[in-house]
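One structure is given below, encoded as structure tokens.
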Amino acid sequence: MPKNDLLLRALRGEEVSRPPVWMMRQAGRYLPEFMELKDKYDFFTRCQTPDMAAEITMQPVRRFPIDAAIIFSDILVIPQAMGLPFEMRPGVGPWLDNPVRSAADVAKLRTGDVNDELKYVFDALKITKEALNDEIPLIGFAGSPWTIFCYAVQGQGSKNFDKAKAFAYTETKAAHELLQKITDSTIIYLKEKINSGADVIQIFDSWGGMLSPNDYQEFSYPYITQIVDALYEQVPVVVFAKGCWYALDEMSQSNASALGVDWTIKPSVAREMTKNRITLQGNFDPSRLLSPPETIQKMVKEMIDEFGTTKYIANLGHGILPNIPVENARAFIEAVVNYKK
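Residue numbering for the sequence shown is 198 to 538, as defined by my numbering.
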């Protein structure tokens, strides 16, 4: 059990004097020490070198009084291990030369246990766990099957993932086969992350909000539920489904321990929709970290006042942006740490 177990207590719904705080993408491009490594090594080299991934994970832990670390990795390591050789192109982002576009493409992909390809992730977790010395919990993560599906079929990032959605709607049987393959591999992968030291798991459904409420129930949520149900008895599971406020009620009745919410919903509305059944995480607008530090601190206090301290984890409503001044990130974290009702 970590010495600072504030996050775990919040996930259990216990009363706490202040909420725990961490930031999505807290080990990232806004830190000068991260940029030093970025200038020397490409993205997936950093992910695939356990000592380097552990070092990057620890960088914000050394700088800030955060209540959790999150392993430095990427959601695309799963499709890579399944046989989709994603690269990270400068100025473009994720890129796949031959995206999945047919049932035959789906059939070619590896399924089930792909962990032999991902040993570097588990090694990074073990090294990080040792470096943390049980001070704070370590979070492991994966992308939701739908979000991975979007990249696998589109082949790159997109404003509307039109090719991915077209495949889902016209090649529906093959789409569900692909989603199930991703789900099966993700469950095995996350179980090994837990065995390697992850105290909490977060599922990122970054592109769930691209779907209508009905399509979300067909193509995303059932696969997330499979993952949650496979893991929740081992560790708490947080589900962050960006743009999916319409599913909060149903998700709050799942076996997840917490739901992440983005900045487009008021805390009071999120509480009302979930009937205070579940811990909520979020939802500071990442762009608001461009405000002056004193404004950030005032807004953070207002956010916590609205959510309340119990069943709440302070975080951003999406990942921290690369152009955020370090002192502004510190202002956000310290406003939570120093919070008084």
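No residue lacks a Cβ here, since even glycine has one placed at the ideal position from N, Cα and C.
Member of the options whose CA lies at the smallest distance from the CA of residue i
i, options, result
"residue 351", "414, 281, 297 and 413", "297"
"residue 437", "514, 362 and 389", "514"
"residue 229", "526, 217, 319 and 530", "526"
"residue 361", "337, 338, 231 and 417", "417"
"residue 431", "300, 304, 337 and 533", "337"
"residue 451", "473, 425 and 472", "425"
"residue 226", "220, 235 and 219", "235"
"residue 480", "464, 254, 371 and 341", "464"
"residue 257", "247, 219 and 294", "219"
"residue 391", "413, 363, 375 and 339", "339"
"residue 300", "374, 529 and 415", "374"
"residue 372", "538, 401, 412 and 389", "412"
"residue 459", "472, 484 and 473", "484"
"residue 401", "363, 353 and 455", "455"
"residue 311", "376, 274 and 489", "274"
"residue 353", "313, 328 and 290", "290"
Residue i vs residue j beta-carbon contact at 8 Å
i, j, result
"residue 332", "residue 201", "yes"
"residue 394", "residue 335", "yes"
"residue 325", "residue 268", "yes"
"residue 206", "residue 517", "no"
"residue 348", "residue 262", "no"
"residue 244", "residue 214", "no"
"residue 449", "residue 421", "no"
"residue 457", "residue 435", "yes"
"residue 309", "residue 382", "yes"
"residue 461", "residue 212", "no"
"residue 346", "residue 285", "no"
"residue 494", "residue 532", "yes"
"residue 389", "residue 504", "no"
"residue 247", "residue 510", "no"
Burial state of residue i (16 or more Cβ within 10 Å)
i, result
"residue 470", "buried"
"residue 368", "buried"
"residue 252", "buried"
"residue 466", "exposed"
"residue 386", "buried"
"residue 288", "exposed"
"residue 378", "buried"
"residue 409", "exposed"
"residue 321", "buried"
"residue 259", "exposed"
"residue 304", "exposed"
"residue 396", "buried"
"residue 468", "buried"
"residue 522", "exposed"
Distance, residue j Cα to residue i Cα
i, j, result
"residue 264", "residue 302", "42 Å"
"residue 306", "residue 404", "22 Å"
"residue 427", "residue 250", "26 Å"
"residue 519", "residue 317", "25 Å"
"residue 492", "residue 440", "25 Å"
"residue 370", "residue 343", "14 Å"
"residue 398", "residue 501", "23 Å"
"residue 224", "residue 232", "11 Å"
"residue 446", "residue 482", "22 Å"
"residue 330", "residue 199", "8 Å"
"residue 537", "residue 357", "42 Å"
"residue 238", "residue 473", "45 Å"
"residue 209", "residue 490", "31 Å"
"residue 266", "residue 255", "7 Å"
Closer than 7 Å: residue i CB and nearest the ligand NAD heavy atom
i, result
"residue 501", "In terms of ligand content, the structure shown is empty, and the ligand NAD therefore cannot be addressed."
- [ ] List in chain order: all unbroken alpha helix (DSSP H) runs of 4+ residues lying wholly within the stretch 336–417.
- [x] Counting only runs of 4+ residues, the alpha helix (DSSP H) found wholly inside the stretch 336–417 occupies 342–351, 359–367, 369–392 and 410–416, in chain order.
Task: In chain order, each beta strand (DSSP E) run of at least 3 residues that lies wholly inside the stretch 242–317 - done: The DSSP assignment places complete beta strand (DSSP E) segments of no fewer than 3 residues inside the stretch 242–317 at 284–286 and 290–292, in order along the chain.
Task: Uninterrupted beta strand (DSSP E) stretches inside the stretch 440–512 (no shorter than 3 residues) - done: Listed in chain order, the beta strand (DSSP E) elements of length 3 or more contained wholly in the stretch 440–512 are 455–458 and 476–481.
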